[in-house]
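In terms of UniProt numbering, the numbers along the sequence shown are unbroken and rise by one, the last being 549. We treat Cβ as the ideally placed atom computed from N, Cα and C, and that holds for glycine.
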Amino acid sequence: MSDDTSDESIEPPKVPESRPYHYETKEGYGYNPADRNYKPDGKKSNMYSDGVGMQYAPKGSPEPGADEQTSRQHTKRSARRYNIFGATEHGFNKPGMEDLKQQYMMAKTAKQPNTYREEYRGRPRAMSSVPDLCIDKGSVTLTDIVTASYRIRDGTIKTPCEKAVSFPGIQDYDVYFKREYLQVFGSYKARGALNALLTLSEEQLRRGVMTTSTGSHALAVAGHGKELGVPVTILVPENVPPRKVKICDRYGAKTRFAGQNDREVQETARKIETEAEGLTFIDENESSYVISGHGTVGLEIIDQVDDIDAIIIPVGGGGLLAGICVVFKALNPDIKIIVVESNDCPSFQAALDAGEPVTLKTELAVTLADGLSDSKVGDLPFKLVKDCVDKVVAVKEQHIAQAVLRLLEKERVIVEGSGAAGLAAIIGGYLPELKGKRVVIPLCGGNIDPTVLGRAIERGLTADERMVRFHIRINDRPGALARLTSLLSSTGVSIKDLYQERTWLNSSMFTVQVKCVAELRNAEHVKQLKKVLHKNYKDDLIWNIKSDE
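Below you can see the structure in the form of structure tokens.
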């Protein structure tokens with residue numbers, strides 16, 4: 001073995017222009033031209049596994065299996081604040097990146113084992129004694145997630161986790177928002193999609209990949225696929241909104257209609273995967289790579305916020321929940337895991353009751369939080385979290401709408417319904433036991449249709465009673481309607497809609513029913529309006545209609 005340790009003796013592997021992200025080369029290294037200090041070639045690597053952590057060992061470091069005290073003496077830095085034996089900083093902050101760079105340069109002088117595994121991708125090849133982290137083995141560990149955080153670091157961003165602005169509904173809680181709506185492609189799902197893509201072989205990437213999502217996962221796979229030059233096919237049900245198809249097409253993905261519902265689409269995807277087309281199926285809910293990528297959200301939260309009492313995680317298929325649970329239960333099992341789902345699609349609670357994932361009768365619940373509309377939670381996510389969850393709450397649509405509205409008004413951000421579900425659990429009063437506690441809420445994404453956003457705002461205003469609807473019967477004579485509108489104007493009401501009904505009435509032929517929708521400032525304003533209308537119209541007033549009666 002050569003003793004030459006000069007930087008000039010090591011040449012970085014060449015990176016094709018079509019691959020801007022961190023990925024694996026033939027030599028066994030993921031090289032990013034943005035790094036000042038690249039890694040050496042595969043024959044000069046040395047990675048040991050100490051407990052759940054990994055480090056690049058310098059010359060003279062203990063062999064694998066050495067006693068704990070000896071290993072600790074040779075660990076450059078232990079993981080901050082946590083009992084991870086032998087783990088280095090994972091690179092989420094400046095000290096971590098400096099540590100990784102220093103360890104890379106020290107690795108080139110270390111003694112080398114004689115055997116390597118050729119299957120490793122996205123990180124240096126390691127000794128055969130190190131568990132193979134990149135085979136989709138139907139499980140996810142903390143080491144998988146730490147590895148994923150390193151693998152995807154160049155294609156995703158570390159989103160902030162900041163203390164929320166205090167506003168009515170959360171003033172009694174110490175709330176922190178993990179702002180995943182700022183992630184590339186507008187959702188945390190960019191993490192899992194990229195991690196899955198970067199574990200594929202060159203042949204698999206050449207043939208292309210396939211997924212069945214119609215939401216943020218499809219957008220993330222299509223977007224990353226375009227950046228990496230990977231052909232992407234997205235299977236969708238025939239009733240999918242055209243807007244979603246158009247968004248995927250914008251990123252160069254090929255959209256195919258495959259069935260009437262999600263179940264038929266999944267069956268078609270599995271059939272295509274096993275037939276001549278040779279496309280690799282990236283399952284949103286069942287892929288351990290995807291879940292490992294999602295788990296990096298938990299790693300960042302742990303690094304960003306101290307003394308967390310609880311985290312509220314929305315669940316649809318369960319990928320984000322599974323990834324965060326693995327991290328939190330390994331690093332700080334005292335943190336309470338609260339699951340929130342839509343009251344219209346309580347698939348996770350149904351799985352807990354049955355002891356296994358079950359399919360609800362509805363194929364796709366119609367809910368404002370469309371990301372929580374999965375009729376069945378994933379088998380792998382459920383296996384990972386069934387013994388970790390402390391509480392499950394099902395929130396109503398009106399509280400999700402209120403949460404979307406609050407975030408827009410108070411935080412000045414646009415968040416989709418599923419991303420606001422955690423806040424809805426606080427606003428709706430489902431978790432009074434967390435008052436005074438430090439609570440983290442992932443705002444999972446901001447991919448919401450403008451028309452849906454408009455409906456959410458109106459539903460939120462209605463739930464707050466800042467938008468009311470009432471009917472008034474008036475004489476069908478000139479000036480009667482003008483008197484009513486003048487009265488409303490005098491109270492400072494903003495009229496959103498006004499309609500006169502003459503035909504479908506059981507009252508006098510010379511009366512008309514005025515149906516009015518009005519927006520008000522607050523609860524006191526509502527009381528003022530109701531008092532004025534009752535004084536002037538008495539029995540002719542029907543107040544705050546809740547349905548189309």
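Among the residues of its own chain, which have a CB less than 6 Å from the CB of residue i, if the five just before and after it don't count?
i: residue 315; result: 321, 339, 341, 348
i: residue 289; result: 195, 196, 199
i: residue 357; result: 351, 376, 377, 379, 382
i: residue 159; result: 179, 180, 182, 183
i: residue 394; result: 341, 343, 346
i: residue 471; result: 513, 515, 542
i: residue 176; result: 161, 163, 305, 440
i: residue 248; result: 218, 222, 234, 255
i: residue 308; result: 335, 438, 440
i: residue 499; result: 515
i: residue 496; result: 517, 519
Could you give the C-beta distance for residue i and residue j, rounded to a whole number, given that I count them as a contact under 8 Å?
i: residue 518; j: residue 490; result: That belief does not hold up - the Cβ atoms of residue 518 and residue 490 are roughly 13 Å apart, past 8 Å.
i: residue 473; j: residue 507; result: 6 Å
i: residue 628; j: residue 260; result: Any question about residue 628 goes unanswered here, given that the chain covers just 1 to 549.
i: residue 209; j: residue 235; result: 12 Å between Cβ atoms; not a contact.
i: residue 310; j: residue 336; result: 4 Å
i: residue 148; j: residue 293; result: 5 Å
i: residue 404; j: residue 492; result: Their Cβ separation, rounded to whole angstroms, is 26 Å, which puts residue 404 and residue 492 out of contact at 8 Å.
i: residue 406; j: residue 169; result: 7 Å
i: residue 468; j: residue 526; result: 6 Å
Residue i: which of the options sits nearest, CA to CA?
i: residue 388; options: 536, 249, 313; result: 313
i: residue 543; options: 451, 521, 514; result: 514
i: residue 455; options: 422, 402, 427; result: 402
i: residue 229; options: 246, 240, 207, 242; result: 207
i: residue 221; options: 164, 174, 282, 168; result: 282
i: residue 528; options: 393, 141, 465; result: 465
i: residue 443; options: 382, 301, 147, 360; result: 301
i: residue 483; options: 157, 533, 459, 470; result: 533
i: residue 391; options: 323, 372, 405, 425; result: 425
i: residue 278; options: 462, 170, 224, 232; result: 232
i: residue 366; options: 537, 386, 396, 156; result: 396
i: residue 252; options: 149, 305, 225; result: 225
i: residue 239; options: 227, 250, 246, 257; result: 257
i: residue 330; options: 212, 385, 521, 156; result: 385
i: residue 250; options: 227, 271, 475, 267; result: 227
i: residue 400; options: 374, 412, 430; result: 430
i: residue 263; options: 360, 479, 457, 150; result: 360
Near residue i, which residues of its chain fall below 8 Å by C-beta distance, leaving aside the five closest residues on each side in sequence?
i: residue 114; result: Residue placement at residue 114 is poorly supported in this model, since its pLDDT is 34, which falls under 50; the coordinates are not used for a value here.
i: residue 186; result: 216, 219, 445, 446, 447
i: residue 280; result: 200, 204, 207, 208, 209, 210, 273
i: residue 435; result: 172, 173
i: residue 371; result: 215, 216, 314, 316, 416, 417, 418, 419, 444, 445
Helix, strand or coil for residue i per DSSP?
i: residue 313; result: strand
i: residue 398; result: helix
i: residue 206; result: helix
i: residue 370; result: helix
i: residue 69; result: Reliability fails at residue 69, whose pLDDT of 49 lies under 50, so the model's placement of it is uncertain and no value is given.
i: residue 473; result: strand
i: residue 348; result: helix
i: residue 197; result: helix
i: residue 229; result: coil
i: residue 361; result: coil
i: residue 185; result: helix
i: residue 175; result: strand
i: residue 281; result: strand
i: residue 354; result: helix
i: residue 248; result: helix
i: residue 257; result: strand
i: residue 341; result: strand
i: residue 234; result: strand
i: residue 161; result: strand
i: residue 140; result: coil
i: residue 211; result: strand
i: residue 383; result: helix
i: residue 305; result: coil
i: residue 271; result: helix
i: residue 389; result: coil
i: residue 376; result: coil
i: residue 25; result: Summary for residue 25: the model assigns pLDDT 40, below 50, so the residue's position carries little reliability; its value from the coordinates is reported in the next sentence. In the structure shown, residue 25 sits in coil (DSSP, three-state: anything other than H, G, I, E or B).
For residue i, I'd like the list of residues in its chain whose CB is within less than 7 Å of its CB, leaving aside the five on either flank, ordered along the chain.
i: residue 327; result: 142, 145, 295, 298, 299, 302
Completely contained beta strand (DSSP E) runs for the UniProt domain "ACT" (469 to 544), where each covers 3 or more residues: Within the UniProt domain "ACT" (469 to 544), complete beta strand (DSSP E) segments of at least 3 residues are found at 494 to 501, 511 to 519, given in chain order.
4-residue-minimum alpha helix (DSSP H) runs that sit fully inside the stretch 394 to 459, ordered along the chain: Those alpha helix (DSSP H) runs which fall completely within the stretch 394 to 459 and span 4+ residues are 397 to 406, 421 to 427.
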